[in-house]
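There are 2 protein chains.
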Amino acid sequence: MLDKNYLYTPGPTPVPPQVVAAMGRPMMGHRSEEFAKLHGEIVAKAKLVFQTANDLFVLTTSGTGGMETAIANTVAPGDRVLALVTGNFGERFAKIASAYGGVVTKIETPWGTTFDMDQVIQVFEKEGPFKVVLATHNETSTGVTNDIAALGNYLANTEALLLVDAVSSMGAMDIRTDEWHVDIIVTGSQKALMLPPGLALVSVSPKAWPVIEANHGVRFYFSLLEARKSFEKKNTPWTPAVSLFYGLDAALDMILTEGLTNVFQRHARMTKAARAGARALGLKLLADNSVASHTVTAILPGTEVGASDLSKILQKELGVTFAGGQGQLKGKLLRIGHMGYCSELDVITAMAALEMALHKAGVAVGLGIGVKAAEEALL
Amino acid sequence: MLDKNYLYTPGPTPVPPQVVAAMGRPMMGHRSEEFAKLHGEIVAKAKLVFQTANDLFVLTTSGTGGMETAIANTVAPGDRVLALVTGNFGERFAKIASAYGGVVTKIETPWGTTFDMDQVIQVFEKEGPFKVVLATHNETSTGVTNDIAALGNYLANTEALLLVDAVSSMGAMDIRTDEWHVDIIVTGSQKALMLPPGLALVSVSPKAWPVIEANHGVRFYFSLLEARKSFEKKNTPWTPAVSLFYGLDAALDMILTEGLTNVFQRHARMTKAARAGARALGLKLLADNSVASHTVTAILPGTEVGASDLSKILQKELGVTFAGGQGQLKGKLLRIGHMGYCSELDVITAMAALEMALHKAGVAVGLGIGVKAAEEALL
Chain P
527 MLDKNYLYTP GPTPVPPQVV AAMGRPMMGH RSEEFAKLHG EIVAKAKLVF QTANDLFVLT
587 TSGTGGMETA IANTVAPGDR VLALVTGNFG ERFAKIASAY GGVVTKIETP WGTTFDMDQV
647 IQVFEKEGPF KVVLATHNET STGVTNDIAA LGNYLANTEA LLLVDAVSSM GAMDIRTDEW
707 HVDIIVTGSQ KALMLPPGLA LVSVSPKAWP VIEANHGVRF YFSLLEARKS FEKKNTPWTP
767 AVSLFYGLDA ALDMILTEGL TNVFQRHARM TKAARAGARA LGLKLLADNS VASHTVTAIL
827 PGTEVGASDL SKILQKELGV TFAGGQGQLK GKLLRIGHMG YCSELDVITA MAALEMALHK
887 AGVAVGLGIG VKAAEEALL
Chain G
527 MLDKNYLYTP GPTPVPPQVV AAMGRPMMGH RSEEFAKLHG EIVAKAKLVF QTANDLFVLT
587 TSGTGGMETA IANTVAPGDR VLALVTGNFG ERFAKIASAY GGVVTKIETP WGTTFDMDQV
647 IQVFEKEGPF KVVLATHNET STGVTNDIAA LGNYLANTEA LLLVDAVSSM GAMDIRTDEW
707 HVDIIVTGSQ KALMLPPGLA LVSVSPKAWP VIEANHGVRF YFSLLEARKS FEKKNTPWTP
767 AVSLFYGLDA ALDMILTEGL TNVFQRHARM TKAARAGARA LGLKLLADNS VASHTVTAIL
827 PGTEVGASDL SKILQKELGV TFAGGQGQLK GKLLRIGHMG YCSELDVITA MAALEMALHK
887 AGVAVGLGIG VKAAEEALL
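Heads up: the protein sequence lines correspond to chains P and G, in order. If you want the working numbering, it's the position in the first sequence, counting the first as 1, plus 526. If you want the working numbering, it's the position in the second sequence, counting the first as 1, plus 526.
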């Protein structure tokens, strides 16, 4: 079989050749003027994608390290935290807050659904105040997108800080960091930003800084105060992952050249196509249309053939990688990532692979049905 | 001027084209069998370089994050820590221990010298016991190498754990992790391992594990227990920097193909050449021959022209980057990194640039003198 793979995991995602080429540039000293210039430009471009005028930092760590940075700088032992848990990554966010001694109240919603704003307000008013509220913008494990705008608007009138995990949506979906009053928002490099893993990007609001300045929970590497101090010299406190910075600069150029609105629309259309295709093949979608993520589509095969068997056929016979389920949905789900360096035609390819895999597994499915529905959704 | 740069910073160091090419390989899912296989192979090869049979972990963070990992997993508030500080990075190691609530006793030695084993034993016996001892193998800020073998032999008969920063020497110098009884040793990817920054490698001894298991200071991302749990499935707890893993595999192959002994001898010879060259040019060396680092040579210009002026000429007129001084030696030092993807001829080039820069700065220096001395040292 040709050694050509089609990667549809919701991170790491394929890296564009332009970005690969940029990452191959020769090393430079990270204390040089040249690096300071690059760093400044990257941060300015990233702020456009984040739609923020807030401070923004590029950290050498994975998305989870970015989430820990958000918590470590704001949550001290005994602090009350409200965690809106809509899946595996919401669970992780809550877990990190507990690890920092936060007293965590969880609002859990069934996987595949979003948090309910009325319930959030009710809990907040009955059991509040909370110092920090944790939410997931795009829950990678279930393929739903939560309404951060509504949450942010509500919390703006409270003392609480809003910390948002946007690891799998920033750069793909319309996230209005400032308009939505998000105090700390976190993303990772290996999703819609089209880079390999290794960087986390974090923005910090003026409302968050006094809390961070008063916090003593953070130890060393994840200190935002150190990051801010170094950034004043356009530098980073610890050695940055230089090659990923080169790549990030190139990837941000690609996003801004395509245009944010076009990028957002492309992702919305890819979701529509993937969902139409899967439905036409008789498969069940975990999330409702109204809350469906634009970056990952979660499918419950609902056929006599399980998700794991389909995954194996896709992988071994077609060179196509979808992700499986996580946590309580382990083994039950197929997740198709369609973000970053992914075009509408790539989604058609995924649909073709899906219907061929179903056929190979012996499911009575009309060939071309999924592809046709996806094409119709796009035209 | 031709856009060609000669990078002699002691990290980041130049990345070999073979490694750049490897890093450009297409992304793969980090939960795939293929990644598990790669991960297993990398760890096996890295253990050869570390000369250890201990557990070894590849973490997605910079060297400082690796140092924090060592501390976070072993030092709890109130624990007594002995820090042997011989320069800027020894200082940082001590600082991290304080950040974790360690009660730190420091033995500081003048910059450019190593710790004195008699003094260490004296302090240990008078003021001990200590739970953890921190030492720097190769102090990047001053270009000295400390005698970890002697320290480890002594501590092996105590309860204390030995934590060693080998960020700027692992893969360049003969470090016998197990023979020297080092409990946790840390390195970074961007030094002798010839990669861009972004990874830290950490090995953990059987003596360290019970301490780590009993420790509750670590919060989340830097947990070695999580790393161990995931490694049993050849995996990583958080998303790994996949492209750097590709590169690390290729870089380890290069090191093992050259042969560890040859690699160590090459670095020893490069130091000899750099020191002979600098001396012939009438420059002062910060460290004595007997303790000179094999990866970085620190020069006090000792001429009417300062280190900063020489740096500027080297950079702007010759495309050559040396590092400057750090901490108390800021502005006073020239540091030449010669590690990783650096050959003996590259050191000759550095000497040529150095004597040309001196000449350009108006210092009466015989051209060719430094190069000649370096060549003689090599032949």
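We treat Cβ as the ideally placed atom computed from N, Cα and C, and that holds for glycine.
Residues in its own chain within less than 6 Å of residue i by CB, not counting five upstream and five downstream?
{"i": "Gly803 of chain G", "result": "Met877, Gly896, Ala899, Ala900"}
{"i": "Thr762 of chain G", "result": "Ser756"}
{"i": "Phe561 of chain G", "result": "Met554"}
{"i": "Ala806 of chain P", "result": "Ile895, Gly896, Ala899"}
To which residues of the same chain is residue i closer than 7 Å at the C-beta, ignoring the five residues directly before and after it?
{"i": "Ala794 of chain P", "result": "His820"}
{"i": "Asp691 of chain G", "result": "Met593, Phe615, Phe619, Thr662, His663, Val712"}
{"i": "Leu782 of chain G", "result": "Lys571, Leu574"}
{"i": "His742 of chain P", "result": "Ala602"}
{"i": "Ala686 of chain G", "result": "Pro655, Phe656, Lys657, Val658, Val659"}
{"i": "Asp704 of chain P", "result": "Gln577, Thr578, Ala579, Asn580"}
{"i": "Gln716 of chain P", "result": "Gly537, Pro538, Thr539, Pro722, Pro723"}
{"i": "Ile647 of chain P", "result": "Tyr680"}
{"i": "Val545 of chain G", "result": "Met720, Leu721, Gly773, Ala776, Ala777"}
{"i": "Gln852 of chain P", "result": "Asn614, Ser667"}
Throw me the rounded Cβ distance for the residue i and residue j pair, which I believe falls under 8 Å.
{"i": "Phe848 of chain P", "j": "Ile862 of chain P", "result": "5 Å"}
{"i": "Ala726 of chain G", "j": "Gly866 of chain G", "result": "Actually they are not in contact, since the Cβ atoms of Ala726 of chain G and Gly866 of chain G sit about 16 Å apart, beyond 8 Å."}
{"i": "Asp835 of chain P", "j": "Ala800 of chain P", "result": "Contact flag wrong, Cβ pair sits at about 20 Å."}
{"i": "Thr797 of chain P", "j": "Ala818 of chain P", "result": "6 Å"}
{"i": "Met486 of chain P", "j": "Phe790 of chain P", "result": "Nothing about residue 486 of chain P can be read from this structure; chain P reaches only from 527 to 905."}
{"i": "Leu660 of chain P", "j": "Leu681 of chain P", "result": "The Cβ separation is near 11 Å, so there is no contact."}
{"i": "Thr668 of chain P", "j": "Gly613 of chain P", "result": "4 Å"}
{"i": "Leu859 of chain G", "j": "Gly845 of chain G", "result": "At roughly 21 Å, the Cβ-Cβ gap does not stay under 8 Å, so Leu859 of chain G and Gly845 of chain G are not in contact."}
{"i": "Phe748 of chain P", "j": "Ala625 of chain G", "result": "The pair is not a contact, with the Cβ atoms about 11 Å apart (cut-off 8 Å)."}
{"i": "Ile710 of chain G", "j": "Ala740 of chain G", "result": "Between Ala740 of chain G and Ile710 of chain G the Cβ distance is about 15 Å, and since that is not below 8 Å, they are no contact."}
{"i": "Thr823 of chain G", "j": "His556 of chain G", "result": "Their Cβ separation, rounded to whole angstroms, is 39 Å, which puts Thr823 of chain G and His556 of chain G out of contact at 8 Å."}
{"i": "Ala813 of chain G", "j": "Val611 of chain G", "result": "About 16 Å separates the two Cβ atoms, so there is no contact after all."}
{"i": "Leu870 of chain P", "j": "Arg754 of chain P", "result": "Here residue 870 of chain P is Glu; the residue named in the question, Leu, does not match the sequence. That belief does not hold up - the Cβ atoms of Glu870 of chain P and Arg754 of chain P are roughly 40 Å apart, past 8 Å."}
{"i": "Ala598 of chain P", "j": "Val744 of chain P", "result": "4 Å"}
{"i": "Val708 of chain G", "j": "Gly678 of chain G", "result": "6 Å"}
Please report the residue range of the alpha helix (DSSP H) in which residue i lies.
{"i": "Gly591 of chain G", "result": "589-598"}
{"i": "Val873 of chain P", "result": "870-886"}
{"i": "Arg805 of chain P", "result": "786-806"}
{"i": "Asp835 of chain P", "result": "833-844"}
{"i": "Leu904 of chain G", "result": "895-904"}
Let's see if you can read the secondary structure: which residues bound the beta strand (DSSP E) around residue i?
{"i": "Ala726 of chain G", "result": "725-730"}
{"i": "Gly616 of chain P", "result": "Unbroken run through Gly616 of chain P is the alpha helix (DSSP H), 614-625; no beta strand (DSSP E)."}
{"i": "Gly853 of chain G", "result": "It is not in any beta strand (DSSP E) - Gly853 of chain G carries neither H nor E in the DSSP assignment."}
{"i": "Val817 of chain P", "result": "Per DSSP, Val817 of chain P belongs to no beta strand (DSSP E) and is neither H nor E."}
{"i": "Ala824 of chain P", "result": "822-826"}
{"i": "Gly863 of chain G", "result": "860-863"}
{"i": "Asp605 of chain P", "result": "No beta strand (DSSP E) contains Asp605 of chain P, which DSSP labels as neither H nor E."}
{"i": "Tyr532 of chain P", "result": "532-534"}
{"i": "Val584 of chain G", "result": "581-586"}
Closer than 7 Å: is that where the CB of residue i sits relative to any heavy atom of the ligand NAP?
{"i": "Thr595 of chain P", "result": "What this structure holds is no ligand at all, so the ligand NAP is not there to describe."}
For residue i, which residues of its own chain have a beta-carbon under 8 Å away from its beta-carbon, when the five flanking residues on both sides are left out?
{"i": "His885 of chain G", "result": "Val891, Leu893"}
{"i": "Val649 of chain G", "result": "Leu608, Thr631, Ile633"}
{"i": "Tyr532 of chain G", "result": "Leu844, Gly845, Val846, Thr847, Asp872, Thr875, Ala876, Ala879"}
{"i": "Lys856 of chain G", "result": "Gly850"}
Exercise. If you pair each beta-carbon of the segment 712-732 of chain G with each one of the segment 571-583 of chain G, do three or more pairs fall below 8 Å?
Worked result: yes
Exercise. What are the start and end residues of each continuous beta strand (DSSP E) run of 3 or more residues lying completely inside the segment 627-713 of chain P, in chain order?
Worked result: 629-634, 658-662, 687-691
Exercise. If you pair each beta-carbon of the segment 549-560 of chain G with each one of the segment 770-784 of chain G, do three or more pairs fall below 8 Å?
Worked result: yes
Problem set entry | 4 or more residues per run - each alpha helix (DSSP H) lying fully within the segment 536-568 of chain G | 543-549
Exercise. Just checking, does the segment 565-576 of chain G make contact with the segment 777-791 of chain G on the three C-beta pairs under 8 Å criterion?
Worked result: yes
For this session: May I have a chain-ordered list of the alpha helix (DSSP H) segments no shorter than 4 residues that lie completely inside the segment 736-780 of chain G?
Result: 750-757
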